[in-house]
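Asks: Per this note's numbering, residue 51 is the first one in the sequence shown, and the count goes up by one each step.
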Amino acid sequence: MERLLLTLLVFACFLLGLWAMRRSWRRRARSQSAQLPPFPQTPAEPGEELLPANKGLYVSTTTAGDWQDRIVTRGVGLRGRAVLRLYRAGVEIDRAGAPGFFIPRESIVEVKRASGIAGKVMGTNSLIVITWRLGDKELDTGFRGDDLDVYPQWIESLSEREIKGEAQ
């Protein structure tokens with residue numbers, strides 16, 4: 051009988067912890083919904099793809115410079131399989147089973163390789179991180195591509211020089 055009560059107590063503590071995490075996640079999402087405007091959607095006619103689609107893993111979006119401050123509002127807090135597509139107008143993040151979003155080219159501040167962002171830490175610089183503006187906030191969006199050899203092309207294509215139209 052003593053063992054059964056101890057097992058039930060541990061199970062109840064586990065369920066209480068799950069409930070508290072879910073409640074905290076939802077409260078954070080509500081708070082961020084009030085602070086951030088809606089994420090841009092892919093235009094109906096985005097134009098031709100400038101680079102081949104980059105398949106991989108959408109990791110997360112965080113507040114720029116704070117790689118642990120995950121943005122969870124509007125479904126962008128969950129990682130999952132995704133495809134990155136580059137158009138002249140910007141970058142589409144097409145997520146499997148979750149709402150995708152679009153990063154307009156004029157909103158992009160910086161593109162770099164990184165070793166970590168909320169939800170994924172790697173020993174090497176195997177993440178591509180796009181720093182961009184959404185309203186008055188700067189965000190970092192992390193993506194881990196299946197083919198790391200294409201990262202230099204992506205970074206070059208989204209470089210500051212090309213964003214301003216000085217070179218194409």
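For each residue, glycine too, the CB sits at the ideal point set by N, CA and C.
Classify Gln-82 as buried or exposed, calling it buried when 16 or more other Cβ atoms lie within 10 Å of its own Cβ.
Replies: For this step, residue 82 is matched to residue 32 along the sequence shown. By the neighbour-count rule (16 or more Cβ atoms within 10 Å), Gln-82 is buried.
Asks: By a C-beta neighbour count over all protein chains shown, 10 Å radius and 16 as the cutoff for buried, is Arg-129 buried or exposed?
Replies: Against the sequence shown, residue 129 aligns to sequence position 79. Its Cβ being crowded by 16 or more others within 10 Å, Arg-129 is buried.
Asks: Mapping DSSP to helix, strand and coil, what is Thr-174?
Replies: As a first step, residue 174 must be located in the sequence shown, where it is residue number 124. DSSP places Thr-174 in coil when its eight states are reduced to three.
Asks: Classify Glu-206: buried if its beta carbon has 16 or more other beta carbons within 10 angstroms, exposed otherwise.
Replies: For the purposes of this step, residue 206 is taken as the residue at position 156 of the sequence shown. Classification of Glu-206: exposed, given that the 10 Å Cβ count is below 16.
Asks: Compute the Euclidean distance between the alpha carbons of Glu-212 and Ala-94, then round it to the nearest angstrom.
Replies: Within the sequence shown, the letter at position 162 stands for residue 212. Within the sequence shown, the letter at position 44 stands for residue 94. Because the pLDDT at Glu-212 is just 47, under 50, the model does not fix this residue reliably, and the value given afterwards should be weighed accordingly. So the alpha carbons of these two residues sit roughly 23 angstroms apart.
Asks: Verify whether the separation of the beta carbon atoms of Ala-219 and Gly-115 is less than 8 angstroms.
Replies: In the structure as shown, the chain starts at 51 and stops at 218, and residue 219 therefore has no counterpart that could be examined.
Asks: Alpha carbon to alpha carbon, how far is Trp-69 from Ile-178? Give it in angstroms, no decimals.
Replies: As a position in the sequence shown, residue 178 is number 128, starting the count at 1. As a position in the sequence shown, residue 69 is number 19, starting the count at 1. In a straight line, the C-alpha of Ile-178 is about 33 angstroms away from that of Trp-69.
Asks: Does DSSP put Ile-153 in a helix, a strand or coil?
Replies: By 1-based counting over the sequence shown, the position of residue 153 is 103. Residue state, collapsed to three classes: strand.
Asks: Using CA coordinates, which residue listed in Gly-140, Thr-123 and Gln-118 is at the minimum distance from Arg-75?
Replies: Within the sequence shown, residue 75 is the residue found at index 25, counting from 1. It should be pointed out that residue 75 corresponds to Trp in this sequence rather than to Arg. Checking every option, the nearest Cα to that of Trp-75 belongs to Thr-123.
Asks: State the start and end residues of the unbroken beta strand (DSSP E) segment that holds Val-161.
Replies: Sequence index remark: in the sequence shown, residue 161 carries index 111 (1-based). Val-161 -> beta strand (DSSP E) spans 158-164.
Asks: Of the residues Tyr-201, Gly-166 and Leu-54, which one's Cα is nearest the Cα of Thr-112?
Replies: By 1-based counting over the sequence shown, the position of residue 112 is 62. The option with the nearest alpha carbon to Thr-112 is Gly-166.
Asks: What are the residues that DSSP puts in a beta bridge with Val-179?
Replies: Reading the sequence shown from its first residue, position 129 is the one you call residue 179. Partner(s): Lys-162 and Gly-192.
Asks: Helix or strand or just coil, what does DSSP make of Ser-110?
Replies: Taking the sequence shown and counting its residues from 1, the one referred to as residue 110 is at position 60. In the three-state reduction of the DSSP assignment, Ser-110 falls in the strand class, which pools E and B.
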